[in-house]
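In our numbering, the protein residues as written are 7 to 449.
For every residue, glycine included, the Cβ atom is placed at its ideal position computed from N, Cα and C.
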């Protein structure tokens, strides 16, 4: 069903308590105007015929914003499950499912905000039109690289909380299999053009420290060896398999086509310890990071529905997530593996007096097992709290969608399948030394 348009109070005239023709009247009116900025009123000085200001169209900011539905596609290897699907073909079915879950029609959507790191242009608009959203709905694409999806959701929440919209679709989408190729322009007539990799932040590797090098440095600092990293990767596979057996992904993953392959994430490496140990390090000869204990690029989409307090009440106060606090933090590019840890530390610093032990779930799109283990040690996070249904090592890393996948996972754990109140954190690193973290409460 479509929600009603936000009602606005009729315009009314208010007398200025200091009404004169003097400058003091104008000064008083300016102060009075600021105090009235949230009301729907037309204010005029009593000694003047002309209306001096009109605020009749100013919406009242909402008290809170709520995530009332959250869905995602299965994540597929680049060139795998979604190899021929364009970005909008991958995302539109997820939008249809999440709107159905929320019991909202497509014409209820005021705006769409999408995180994406590879397509260029404004893919949010293409996705919106392909999904049948109103042509009048604005579309915004955010590119904070791997943090884009989480950033898009936080942006949507801020917009709704400010009273600028009542229903926003937000999340992330990445189709690396069909993304445009990037080619570096030759600097002279004697050079050949060359391709830039899908996960490259700079034109050449020498201009930006590699993510693998940053994670290797983190592993050395925390004394996390290859054996411990491989063991963590195996446990992540076992967690994910347990979640599948318990049908905890049912209601979360949207099958683009009706077959079993479309309903589960496509892991790049087999789930046995032998498969994991067989992989060779990225950085020879002493590296510890391998394709089996790191997250590899994937295709996928994840979308949530963010609504105002009024819409949430009209829909019967369904189970939802509410943002309590968010934080972004930068670190030195060569230490980018530290960024999600730094973001969580900043988040906790903002939550003065908050009991950290109340957080039942921490969802992290880990770049590597070393990064996840370092997070656990730095912030005293228990193993069963971090990625309880497996992490990005198993399901993959769809760049701009990864942060949105984390929020979908929190929704499943705390709202869809959870009972009672609970707290969860999503934390995401991004290339270039950036980190995001957000604390949500189930209501």
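Item to check | Beta bridge counterpart(s) of residue 180 as assigned by DSSP | outcome: 306
Checklist entry - Under three-state DSSP, which class holds residue 476? => result With the chain running from 7 to 449 in the structure shown, residue 476 is simply not present.
Checklist entry - Applying the criterion that 16 or more other CB atoms from any shown protein chain within 10 Å of the CB defines a buried residue, is residue 127 buried or exposed? => result exposed
Checklist entry - Which of helix, strand or coil does DSSP assign to residue 319? => result helix
Checklist entry - Closest to residue 148 by CA distance: which of 413, 106, 122 is it? => result 122
Checklist entry - For residue 198, which residues of its own chain have a beta-carbon under 7 Å away from its beta-carbon, when the five flanking residues on both sides are left out? => result 192
Checklist entry - Any chance the segment 79 to 97 sits against the segment 290 to 305, with 3 or more Cβ pairs inside 8 Å? => result yes
Next on the checklist: Helix, strand or coil, according to DSSP, for residue 374 in the structure here?
Outcome noted: strand
Checklist entry - How about residue 345 and residue 402: do their beta carbons lie closer than 8 Å? => result Not in contact: residue 345 and residue 402 (Cβ atoms no closer than 8 Å).
Checklist entry - Given residue 143, which residues of its chain have a CB within under 8 Å of its CB, disregarding the five upstream and five downstream residues? => result 115, 116, 117, 118, 134
Next on the checklist: Looking at residue 230: is its Cβ nearer than 8 Å to the Cβ of residue 348?
Outcome noted: no
Checklist entry - What three-state label does DSSP hand residue 115 in the structure shown? => result coil
Next on the checklist: Please give the ranges of any beta strand (DSSP E) in the segment 348 to 393, keeping only runs that are unbroken, at least 3 residues long and fully inside the region.
Outcome noted: 365 to 370
Checklist entry - Tell me, which residues are paired with residue 314 by DSSP? => result BP columns for residue 314 point to 71.
Checklist entry - Per DSSP, residue 123 is paired with what? => result Paired residue(s): none; residue 123 is not in a bridge.
Checklist entry - Between the beta-carbon of residue 136 and the beta-carbon of residue 104, is there less than 8 Å? => result no
Checklist entry - Pairing CB atoms from the segment 310 to 317 with CB atoms from the segment 233 to 242, are three or more of them under 8 Å? => result Contact annotation: the segment 310 to 317 does not touch the segment 233 to 242, with fewer than three C-beta pairs closer than 8 Å.
Checklist entry - I think residue 73 touches residue 400, with their Cβ atoms under 8 Å apart; what is that distance to the nearest whole Å? => result Between residue 400 and residue 73 the Cβ distance is about 24 Å, and since that is not below 8 Å, they are no contact.
Next on the checklist: Can you check which of these residues, 174, 169, 168, is closest to residue 158 by C-alpha distance?
Outcome noted: 174
Item to check | Member of 251, 237, 421 whose CA lies at the smallest distance from the CA of residue 325 | outcome: Measuring from the Cα of residue 325, the nearest candidate turns out to be 421.
Checklist entry - Can you tell which of 101, 448, 432 has the C-alpha that lies nearest to the C-alpha of residue 262? => result 101
Item to check | Nearest neighbour of residue 405, chosen from 111, 94, 153 [CA to CA] | outcome: 153
Checklist entry - Is the CB-CB distance between residue 432 and residue 444 below 8 Å? => result yes
Checklist entry - Quick one: what does DSSP say residue 336 is sitting in, helix, strand or coil? => result strand
Checklist entry - Can you tell which of 328, 99, 362, 419 has the C-alpha that lies nearest to the C-alpha of residue 252? => result 419
Checklist entry - Any idea which residues DSSP pairs residue 447 with across the strands? => result Beta-bridge annotation (DSSP): residue 447 is paired with 328, 429.
Checklist entry - Alpha carbon to alpha carbon, what distance is there between residue 330 and residue 366? => result 15 Å
Item to check | Beta-carbon contacts of residue 218 that lie in its chain and below 7 Å, excluding the five residues immediately before and after | outcome: 288, 289, 295
Next on the checklist: Rounded to the nearest angstrom, what separates residue 362 and residue 378 at their Cα positions?
Outcome noted: 18 Å
Item to check | Exposure of residue 428, with buried meaning 16 or more beta-carbon neighbours within 10 Å | outcome: buried
Checklist entry - Does DSSP classify residue 275 as helix, strand or coil? => result coil
Checklist entry - Where does residue 106 land, buried or exposed, given buried means 16+ other C-beta within 10 angstroms? => result Burial state of residue 106 is exposed, judged by a 10 Å Cβ sphere holding fewer than 16 other Cβ atoms.
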